[in-house]
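The sequence shown begins at 46 in the numbering used here and counts up one residue at a time.
Report on one structure; see the data block that follows.
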Amino acid sequence: MVPIVSRLAEKFKSVRAIVGELENIGCHSRAQILLALMRISWHGGMYRLTLEAFDEMTTFGHVPNTFARNMVIDILFRIGDVQKALLVFRETQFPNFLTFNILIRNLCKINDLFGVRNSLRDMVRKGFFPNNGTFQMVLNCFCKVGWMDESLQMLGWMFRLGYPISLTIWNILIDGFCKSGEVALTERLLVKMISSGFNPNVVTYTSLVKGFFGLNMIDQALHFMDIMDSQMCTVDVVFYNMLIDCLSKAGRHDDAFRLFLSLPNKNIKPDSYTFCSIISCLCSSRKFKLLLDLVRQVDEVEDLVVYNCLINALCKAGFPLKALSYYEEMISKGFVPDCFSYTVLLDAMCKCGNIDDAITVYSSIVQIPSLDAHVHTVLFDGLIKVGKFLQALQLFGNAVAENYSLDAVSYTIAIHGLFLAGEVADACHLFKEMKIAGLVPNIYTYNVMLCGLCKVGNVYHIRQLLGDMDVDGICLDSISLNAIIVFLCKTYRAKSAFHIFLERHNSNLKLSKFTFTILYESLRHAGAIDDASQLLKEFLNFKFGACFRSNQLAGKEVYHLIVGNEFAMLDTSNGRWISQFLCVSSIKLCMVDGGCPGFFSCSCLQRCNLTLILLFIKGCT
């Protein structure tokens with residue numbers, strides 16, 4: 046019946062016209078016609094026709110029954126009109142079990158947990174009790190978002206009502222508690238499940254192994270694998286895919302690769318996810334030789350995703366020519382490249398220096414309607430990295446003129462290229478054009494602008510840009526903070542730089558060693574001895590301990606700056622904390638230089654101790 050109704054809708058264009066035609070040939074029950082049209086179009090996915098038939102019911106004076114309202118509620122949820130669906134539900138005078146089940150199922154899909162809970166209560170008040178399918182939906186929803194206490198309450202409710210607990214429900218609960226890190230409750234649930242007469246299956250063990258790996262409890266995870274082997278549990282490729290991924294994330298790359306090699310002996314055929322997981326594992330462990338050995342097995346899987354993953358991995362591993370050869374092989378096998386394929390292809394061409402070929406390929410695909418912004422961006426970035434600024438900017442201009450899909454990253458790359466080419470005015474103009482085009486600059490865009498303007502010393506535009514950041518609600522990050530402080534120091538505004546530094550002492554922003562050195566020297570040369578002293582005090586007290594890019598308390602540059610003659614300018618009241626600072630920084634430097642155990646075993650410590658003695662004598666007098 047669905048094809049017939051589809052043809053009628055195509056011919057008569059509206060429900061009213063269809064009803065009129067059916068009445069002309071002898072169908073006089075208009076309400077029955079409308080209800081039948083709703084039912085057929087609902088099953089056929091013709092939602093517009095269903096809603097139109099529902100509206101025609103009220104127009105003709107008919108009162109839609111509960112079944113008609115159930116269909117409308119389901120359709121409104123499917124098309125995303127949640128509020129209207131809830132309104133139709135509230136207006137339903139006689140809801141039935143199916144009404145509540147449709148409502149709860151769709152609320153679970155959108156993770157409206159409070160709505161699910163309230164709907165369950167209303168369902169019970171109306172005299173309808175959930176079945177196993179309803180409980181399963183609700184438990185799955187609660188566990189997925191971490192509502193574990195509510196899940197246990199639901200389990201207790203099922204026990205009180207005498208509902209049988211299925212293996213699927215036990216697996217849902219165990220998976221939820223594993224993901225929430227509740228180890229003790231997970232083990233208790235497993236014991237309860239076994240005592241209820243259910244044996245764990247591969248789904249149960251998959252949740253347990255994955256959960257314990259996620260908690261870094263490797264031994265317990267491997268213990269469950271031993272139990273699986275002893276129980277002769279049937280394992281599928283999904284389990285091994287999960288295990289390879291978990292071993293890789295746990296840093297056990299060799300174990301993951303050995304497991305992959307053992308799959309043929311277990312009569313398990315790797316699928317596309319298996320290959321993608323092991324390729325990612327080899328890239329993470331930087332075992333590029335094994336990656337080259339692995340690519341010979343790609344013929345076993347005819348899949349575009351695997352080829353894309355492999356080409357991307359070869360490109361990142363520094364084998365762009367190999368990546369290009371596999372792209373050509375992929376094309377020869379009849380695969381149609383997608384946006385990701387084009388992205389890795391252009392990236393590989395740029396990295397191996399085939400700029401002209403990259404531009405040729407780009408020109409041949411640029412008219413594809415589905416091409417996304419990332420494809421354009423990767424070519425612009427590749428050209429800029431090899432110094433082809435004019436070509437990159439010309440292609441970008443063409444993309445803007447042709448209204449191709451560009452995003453904030455595309456504009457940021459182009460602005461960066463203009464700054465590198467020395468075209469500061471054009472970079473500022475493009476930044477304005479970006480806003481006019483409706484694209485919102487992100488922190489990376491502002492960082493490119495700030496760094497570029499700070500290098501050329503354009504104070505007016507820097508102030509304007511900082512104002513724009515406040516309007517857009519974007520805060521400075523470590524990159525922009527370092528750029529501004531260095532700029533202010535170089536333009537003899539050390540106190541302003543220091544005040545900006547102090548304002549952000551609670552924001553976890555990282556200050557580079559170079560910036561710290563510049564700021565300290567600028568404060569000293571500006572005669573701001575108290576500010577320089579406070580800067581070192583803050584550093585000593587670790588208020589700015591997170592403001593350094595590395596784990597070192599101070600690098601060699603900072604150390605040599607401090608142990609020089611600068612202390613002659615500091616008052617004696619600071620002698621004690623300076624001594625502490627020198628001890629800590631010198632010992633740290635000694636550890637970095639090679640971990641010399643002797644207190645006088647390196648020149649930096651000897652120099653430090655001499656300074657400490659002088660400061661101690663000066664402080665005592």
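Don't be surprised by glycine CBs; every beta carbon is placed ideally from N, CA and C.
(request) Starting from the C-beta of F257, find all residues in its chain whose C-beta is less than 6 Å away, skip the five residues before and the five after it, and write them out in chain order. (result) Counting only Cβ-Cβ distances below 6 Å, and skipping sequence neighbours, we find Q265, A266.
(request) Would you kindly report the start and end of the unbroken alpha helix (DSSP H) that includes R150? (result) 142–154
(request) Pick helix, strand or coil for G65, following the three-state DSSP scheme. (result) helix
(request) Look up V348 in the DSSP assignment and say whether it is helix, strand or coil. (result) Here the sequence assigns Asp to residue 348, which means Val is not the residue at that position. The answer is coil: DSSP assigns D348 none of H, G, I, E or B.
(request) Tell me whether R538 sits in a helix, a strand or coil according to DSSP, three-state version. (result) coil
(message) Just to confirm my understanding: we take I356, look at its own chain, exclude 5 residues before and 5 after, and list those with CB closer than 6 Å. What are they?
(response) So the list reads A368, Y371, Y372, V389, once near-sequence residues are dropped.
(message) Suppose the cutoff is 6 Å on Cβ atoms and the five residues either side in sequence are ignored; what does the same chain contact list for N273 look like?
(response) Reading the sequence as shown, one finds Met at residue 273 and not Asn. Y250.
(request) Determine the contact status of V445 and T422, defining contact as a CB-CB distance below 7 Å. (result) no
(message) Between the alpha carbons of N353 and E227, how many angstroms are there, rounded?
(response) 38 Å
(message) Suppose contacts are defined by Cβ-Cβ distances below 7 Å. Is L288 in contact with F269 by that definition?
(response) no
(request) Quick one: give me the first and last residue of the alpha helix (DSSP H) that E101 is part of. (result) 92–104
(request) Starting from V133, trace the alpha helix (DSSP H) both ways and give me its first and last residue. (result) 127–136
(request) Using three-state DSSP, classify V190 as helix, strand or coil. (result) If DSSP states are grouped into helix, strand and coil, V190 belongs with coil.
(message) Whole angstroms are fine: how far does the CA of D119 sit from the CA of K237?
(response) 37 Å
(message) Taking 8 Å as the limit between beta carbons, can you name the residues of its chain near E602, skipping five residues before and five after?
(response) Confidence in E602 is poor, its pLDDT being 48 and thus under 50, which makes the residue's placement unreliable; the coordinate value appears in the next sentence. Taken in chain order, the residues that qualify are K558, F559, T562.
(message) To the nearest angstrom, how far is the alpha carbon of D220 from that of C188?
(response) 8 Å
(request) Go to Y491, then tell me how far its alpha helix (DSSP H) extends in each direction, as first and last residue. (result) From DSSP, the alpha helix (DSSP H) with Y491 extends over 488–501.
(request) Look at L498 and H506 and say whether their C-beta atoms are less than 7 Å apart. (result) Yes, the Cβ-Cβ distance between L498 and H506 is below 7 Å.
(request) Determine the direct distance from the alpha carbon of L391 to that of S409, and round the result to whole angstroms. (result) 12 Å
(request) Flag this pair as yes or no: are the beta carbons of V485 and I460 separated by less than 7 Å? (result) no
(message) Any contact between the segment 538–548 and the segment 503–519? By contact I mean 3 or more CB pairs, one from each, below 8 Å.
(response) no
(request) Find out if the Cβ-Cβ distance for the pair A362, F333 is shorter than 7 Å. (result) Taking 7 Å as the Cβ cut-off, A362 and F333 qualify as a contacting pair.
(request) Have a look at C153 and L212 and give me their C-alpha separation to the nearest angstrom. (result) 21 Å
(message) With distance defined between alpha-carbon atoms, name the residue in N244, W192, W202 nearest to N216.
(response) N244
(request) Between the Cα of I63 and those of R84, S523, L94, spot the shortest distance and give me the residue it belongs to. (result) L94
(message) According to DSSP, simplified to helix, strand and coil, what is I210?
(response) coil
(message) On a Cα-Cα basis, can you pick out the residue from H474, Y456, W202 that is closest to Q181?
(response) Distance check between Q181 and each of H474, Y456, W202 places W202 closest, using alpha-carbon atoms only.
(request) Helix, strand or coil for G620, going by three-state DSSP, please let me know. (result) The pLDDT assigned to G620 is 46, lower than 50, so where the model puts this residue is not dependable; a value taken from the coordinates is nonetheless given after this. Residue state, collapsed to three classes: helix.
(request) Would you please state the rounded distance, in angstroms, between the beta carbons of A130 and L143? I believe it to be under 8 Å. (result) The pair is not a contact, with the Cβ atoms about 14 Å apart (cut-off 8 Å).
(request) Classify I323 as buried or exposed, calling it buried when 16 or more other Cβ atoms lie within 10 Å of its own Cβ. (result) buried
(request) Would you kindly report the start and end of the unbroken alpha helix (DSSP H) that includes L564? (result) 558–570
(message) Let me check understanding here. Comparing Cα to Cα, which of R150, N163, Y449 lies closest to T179?
(response) R150
(request) Under 8 Å by Cβ, that's how I've got F99 and A113 pegged, so tell me the actual separation to the nearest angstrom. (result) 6 Å
(message) Given this structure, state the Cα-to-Cα distance separating S241 from V282, to the nearest angstrom.
(response) 29 Å
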